[in-house]
Amino acid sequence: MLEVKKISKSYSGVEVLKGVDLYARPGEIVGVLGPNGAGKTTLLEIIEGLIQADSGDIELDKIQLGIRRNNTSKSMAVVLQTTPLPPFMTAEELMQLFSASYSTCIKKSRELLSVVGLESKKEVSINTLSVGQKQRLGIALALAAEPDILFADEPSSALDPQARRIVWGLLKDYVASGEKTVILSTQHMDEAETLCTRVYLLSEGRIRSQGTPEEMVRENAPGCVISFQTSGELSDSLLKLENIEKTGFIDGLQKFEIIAKDGHEIARVMRVLTSDESVDVSSINIKRNTLEDVFIKLTGRSLRD
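Residue numbering for the sequence shown follows my numbering, starting at 3 and increasing by one per position.
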């Protein structure tokens, strides 16, 4: 298990990380979720050994790695947002070169190209690959090291939806044996909810909350938002509802939202809405709260701010 304890880091007197704790077990995808500038990349680079922390401790399987080492542990590998690749080599040539440095056999390197869906592209120049294909090649290169912990820093940020799903599948498959770990840095709520066993919400250098996505929503932003439109002023039955807020006016219809905290409240609100003649029933929409709502509640800002 990886344990990160009280990690702090400052640049020119500005605290970037403020006593951050984190742990990750084999078989988990652990997400570090936060907006740009939250300290996600700095935290990952400290754990990886690429930069030094000012204070704190890092342990892997109860062995101290230290916070002032200048190299990445052999049990770790990194997938970046964009991996710099030699443009005129083929995917197969690069895999063989990279695998040799880790004593990975040629057969294994070819298998990895197949795993990431690049078997048919192995003999073409890397500069002809799409952005998504290059990212998958970057993942194959990282897997060639056979690491116990794979760090993925915004791995799908530049990818189209189809390529993102492929990358997500690769990360899920990597931990499926229960022996490997992925630590994922992202500012995409859907990525964290789809992939992560547990999530740490990082804002302004501090962990604001941590747990499974479901736990965090249940504890910090339970329930859902029910939106609807009316053709006139609110009726007496609607005025009696709690947490109702006007959100707009369009095409002669007023738009409202109600925060319902649990299933009983959702049912009660729906009974009132569907029995009120002023409500456009077809406009009723129920949206469950997400990690984005949790983050806004805890920090007062959006993940994309």
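All residues carry an ideal CB built from backbone N, CA and C; glycine is no exception.
Just the Cα atoms here: how many angstroms apart are residue i and residue j?
i      : j      : result
VAL219 : SER304 : 15 Å
ILE48  : CYS226 : 38 Å
ALA165 : VAL133 : 9 Å
GLY39  : LEU19  : 11 Å
VAL201 : LEU172 : 19 Å
GLY58  : LYS8   : 5 Å
VAL281 : PHE258 : 10 Å
LEU203 : LEU46  : 14 Å
THR370 : SER205 : With the chain represented from 3 up to 307, any question about residue 370 goes unanswered, as that position is not in the structure.
PHE100 : ARG167 : 26 Å
ASN129 : LEU96  : 12 Å
ILE261 : PRO215 : 20 Å
VAL149 : GLN189 : The question names Val, but residue 149 in the sequence shown is Pro. Near 24 Å, if we compare the C-alpha coordinates of GLN189 and PRO149.
LYS263 : ILE246 : 12 Å
Based on Cα-Cα distance, which residue from the options lies nearest to residue i?
i      : options                           : result
LEU243 : VAL81, ARG270 and VAL6            : ARG270
SER187 : ILE60, CYS198, LYS136 and THR130  : CYS198
ARG27  : GLU247, SER179 and VAL80          : SER179
GLU267 : ILE228, LEU152 and LEU293         : ILE228
VAL283 : LYS263, ILE261, LEU300 and LEU255 : LEU255
ASP192 : PRO163, VAL81, ALA262 and ASP175  : PRO163
LYS248 : PRO86, GLU148 and THR232          : THR232
SER158 : MET272, GLY15, ILE252 and LEU139  : LEU139
GLN137 : LEU115, GLU148, ILE151 and PRO149 : LEU115
THR196 : ASP23, ILE31 and ASN291           : ILE31
LYS110 : ILE53, ASN245, GLN66 and LEU145   : LEU145
ALA160 : ARG290, ASP150, GLN135 and LYS182 : GLN135
GLN66  : GLY51, LEU152 and PRO37           : GLY51
VAL81  : LYS123, PHE230, LEU152 and LYS64  : LEU152
Can you list, in chain order, the residues of its chain whose CB lies under 6 Å from that of residue i, leaving out five sequence neighbours each side?
i      : result
ALA102 : none
GLY29  : VAL177 and GLY180
GLY1   : Since the first residue shown for the chain is 3 and the last is 307, residue 1 is missing from the structure and cannot be characterised.
Apart from the five residues just before and just after residue i, which ones in its own chain have a Cβ nearer than 8 Å to its Cβ?
i      : result
VAL126 : THR92 and ALA93
SER239 : VAL274, SER277 and ASP278
ILE209 : VAL22, ASP23, LEU24, TYR202 and LEU203
PHE251 : LYS257
For residue i, which residues from the same chain have a beta carbon less than 7 Å from its beta carbon, with the 5 sequence-adjacent residues on both sides left out?
i      : result
ASP56  : SER10, LYS11 and SER12
GLY207 : GLU17, VAL18, LEU19, LYS20 and GLY41
ASN222 : SER211, VAL296, LYS299 and LEU300
Kindly identify the DSSP beta-bridge partner or partners of residue i.
i      : result
GLN66  : GLU61
GLN231 : LYS257 and ASP282
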